[in-house]
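K.L.:
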Amino acid sequence: MRTILITGGAGFIGSNLANALLNKGHSIRILDNLSPQIHGHLPCKYDWLDVSEVEFIRASVTDVVQVRQALKGIDVLVHLASETGTGQSMYEISRYSEVNLGGTAVLLDALANDPNRSVKRIVLASSRSIYGEGAYACSKCEPHVRVYPASRTRPQLEEHRWEHACEKCADPLQPTATRETDPPQPGSIYAATKYAQEDLVRVAASALGIDFAVLRLQNVYGEGQSLNNPYTGILSIFSTRIRRGLHLPIFEDGQETRDFVHVEDVVSAFCRAIEFDGEINQAMNVGMGIKTTVQQIATHLSNAFGVEPNLITTNEFRLGDIRHNFADIQRLKNTLNFSPQITLADGMTRFADWVSTQVLPKDQLDQANSELKSRGLMGK
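Going by this note's numbering, the first residue of the sequence shown is number 47, and it counts up by one from there.
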């Protein structure tokens, strides 16, 4: 059995992962600052606080002293601690850089300068956002040639030209599954920091002789996710509005697609990466490999709550949002012998059932959108 440090271990993925690893007999240490934006001003309901196999350190990943202490005697470092949210990252650049880049640098610096270093593997939670708009092909011109369009511009979005067009024939490009070998094209500060994290881990781990695994997560959802954060988590945002009898505002034309993967499958992928006996030293996509439109996901969620979908397509847009992205997960299958198992229908039901047991949060979507509009990051 291993001793595992999970930074951000009190968060959505981290708390689910901690429970899974405890059930497998591992010893867990959690480093988390319990950010109010994610956990509320009075964090509560952390069952693992009463478990002797779990040591909890309340501190930021940027705290050099606490990080050094947290790394003592650790076999595997799972780095989840991160500021998340595309829109918010565009005007809180310093904070996102300090936590996502600075925190990762503090961890790696502590490892590099510890003569008694015990960490054998680093597992980093990265993001599908590092691909930017992802991979496409023109079915008319060259259907077998992958192309990688740049981020959509404000003039393009203001004209409601949502889809990417072929530069040769002007037909709409067709999205294709993104591979780990596709070129990164971060379109937001958040995405840029996640890709920089990958580089920091890859270079430092290789120099230190530490094995590493980078898991590029698609849209993760499920029981335990924060219902208080209005800047990220479309299903959390929609679930609050459904429970309050409000309509669901759909950006653009509602046909933008994402790859939704249940947190239980994500946790299973992390467990495989943690317990894998051979070398990994690469990045892997973690998703279902299936694209679902935002309109479809809103309908699925409404149905899971047993209410008639009340959707309004707003034609609004956020700068930095991508149009389509879904994962090629063949490397995940080949390397860790793992494929996600929870269907979207089952996952939606589980999520809705769990949400229904939670305290009804305030709806903060309008407030968050107003902030984006005031900063010129959202339009129509």
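Where a beta carbon is used, it is the ideal one built from N, C-alpha and C, also for glycine.
Ends of the beta strand (DSSP E) at Arg396?
P.N.:
From DSSP, Arg396 is part of no beta strand (DSSP E) but of the alpha helix (DSSP H) over 390-401.
K.L.:
Please state whether DSSP places Pro230 in a helix, a strand or coil.
P.N.:
Correct three-state label for Pro230: coil.
K.L.:
Distance, Cα to Cα, Ala66 vs Val100?
P.N.:
Roughly 12 Å between the two C-alpha positions.
K.L.:
Go through its chain and collect everything with a Cβ distance to Ser282's Cβ below 6 Å, but skip five positions before and after it.
P.N.:
Excluding residues within five positions, the ones whose Cβ falls inside 6 Å are Gln271, Leu273.
K.L.:
In whole angstroms, give me the CA-to-CA distance for Ser402 and Ala344.
P.N.:
Whole-angstrom Cα-Cα distance: 16 Å.
K.L.:
Helix, strand or coil: how does DSSP classify Cys187 here?
P.N.:
DSSP places Cys187 in coil when its eight states are reduced to three.
K.L.:
For Pro201, which three-state DSSP category applies?
P.N.:
In the structure shown, Pro201 sits in a helix (DSSP, three-state: H, G or I).
K.L.:
Within 10 angstroms of its Cβ, does Gly55 collect 16 or more other Cβ (buried), or is it exposed?
P.N.:
Result: buried.
K.L.:
In chain order, which beta strand (DSSP E) runs of at least 3 residues are fully inside the region 274-331?
P.N.:
Here the runs fully enclosed are 294-296, 306-308.
K.L.:
Beta carbon of Pro195, beta carbon of Glu179: below 7 Å?
P.N.:
Contact: yes.
K.L.:
Among Leu261, Ser385, Leu423, Arg48, which has the Cα closest to the Cα of Leu170?
P.N.:
Ranking the options by Cα distance to Leu170, first place goes to Leu261.
K.L.:
Answer yes or no: do Gly335 and Ala373 have a C-beta to C-beta separation smaller than 7 Å?
P.N.:
Result yes, Cβ atoms of Gly335 and Ala373 sit closer than 7 Å.
K.L.:
Leaving out five residues on either side along the sequence, give the residues of the same chain with a beta carbon under 7 Å from the beta carbon of Ala238.
P.N.:
Correct list, in chain order: Pro232.
K.L.:
So, Ile296 versus Gln341, is the Cβ gap smaller than 7 Å?
P.N.:
Yes, Cβ-Cβ distance for Ile296 and Gln341 is below 7 Å.
K.L.:
Let me check one thing: in DSSP terms, what residues is His125 bridge-paired to?
P.N.:
BP columns for His125 point to Thr53, Leu170.
K.L.:
In this structure, does DSSP put Leu88 in helix, strand or coil?
P.N.:
Residue placement at Leu88 is flagged as unreliable, the pLDDT there being 46, under the threshold of 50; the coordinate-derived value follows with that caveat. Correct three-state label for Leu88: coil.
K.L.:
Who does Tyr182 pair with in a DSSP beta bridge?
P.N.:
Val193, Pro221.
K.L.:
So, does the region 239-250 touch the region 142-155, judging by three or more C-beta pairs under 8 Å?
P.N.:
At 8 Å Cβ cutoff, the stretches touch.
K.L.:
Using only the alpha-carbon positions, how far apart do Pro318 and Pro229 sit?
P.N.:
Going by the sequence as given, residue 318 is Arg instead of Pro. Cα to Cα, the separation comes out at about 26 Å.
K.L.:
Please report how far the alpha carbon of Ala64 lies from the alpha carbon of Ser140, in whole angstroms.
P.N.:
Using only the alpha carbons, I get a separation of about 30 Å.
K.L.:
Could you have a look at Phe363 and say whether DSSP puts it in helix, strand or coil?
P.N.:
The answer is strand: DSSP assigns Phe363 an E or B state.
K.L.:
Within its chain, find whatever has a CB closer than 8 Å to the CB of Lys419; leave out the 5 residues flanking it on each side and keep chain order.
P.N.:
Correct list, in chain order: Gly425.
K.L.:
Assuming Met394 and Ala329 are in contact, meaning their beta carbons sit under 8 Å apart, how far apart are those beta carbons, in whole angstroms?
P.N.:
The pair is not a contact, with the Cβ atoms about 28 Å apart (cut-off 8 Å).
K.L.:
Could you give the first and the last residue of the continuous alpha helix (DSSP H) run that contains Ala211?
P.N.:
No alpha helix (DSSP H) contains Ala211, which DSSP labels as neither H nor E.
K.L.:
What first and last residue would you give for the beta strand (DSSP E) that runs through Leu261?
P.N.:
Per DSSP, Leu261 belongs to the beta strand (DSSP E) from 257-263.
K.L.:
Just tell me which of Asp299, Ser164, Pro407, Ile388 has its CA closest to the CA of Val313.
P.N.:
The shortest C-alpha separation from Val313 is found at Ile388.
K.L.:
Along the alpha helix (DSSP H) that carries Ile343, what are the first and last residues, could you check?
P.N.:
That run of the alpha helix (DSSP H) goes 340-350.
K.L.:
How many Å lie between Leu406 and Tyr277 at the Cα?
P.N.:
For Leu406 and Tyr277, the distance between alpha carbons rounds to 17 Å.
K.L.:
Return the first residue and the last residue of the beta strand (DSSP E) that Glu144 is part of.
P.N.:
Unbroken run through Glu144: none, as it is neither H nor E.
K.L.:
Classify Val107 as helix, strand or coil using the three-state DSSP reduction.
P.N.:
Note: Val107 maps to coil in three-state DSSP.
K.L.:
Taking Leu153 as part of the alpha helix (DSSP H), name the residues at either end of that continuous run.
P.N.:
Its alpha helix (DSSP H) spans residues 149-158.
K.L.:
Secondary structure at Glu101, three-state DSSP: helix, strand or coil?
P.N.:
Note: Glu101 maps to strand in three-state DSSP.
K.L.:
Kindly give me the distance between the Cβ atoms of Phe58 and Val353, rounded to whole angstroms, as I take these residues to be in contact under 8 Å.
P.N.:
Not a contact, Cβ separation roughly 24 Å.
K.L.:
Check each candidate in Leu347, Thr227, Lys408, Asn371 and name the one with the smallest Cα separation from His210.
P.N.:
Nearest of Leu347, Thr227, Lys408, Asn371 to His210, Cα basis: Asn371.
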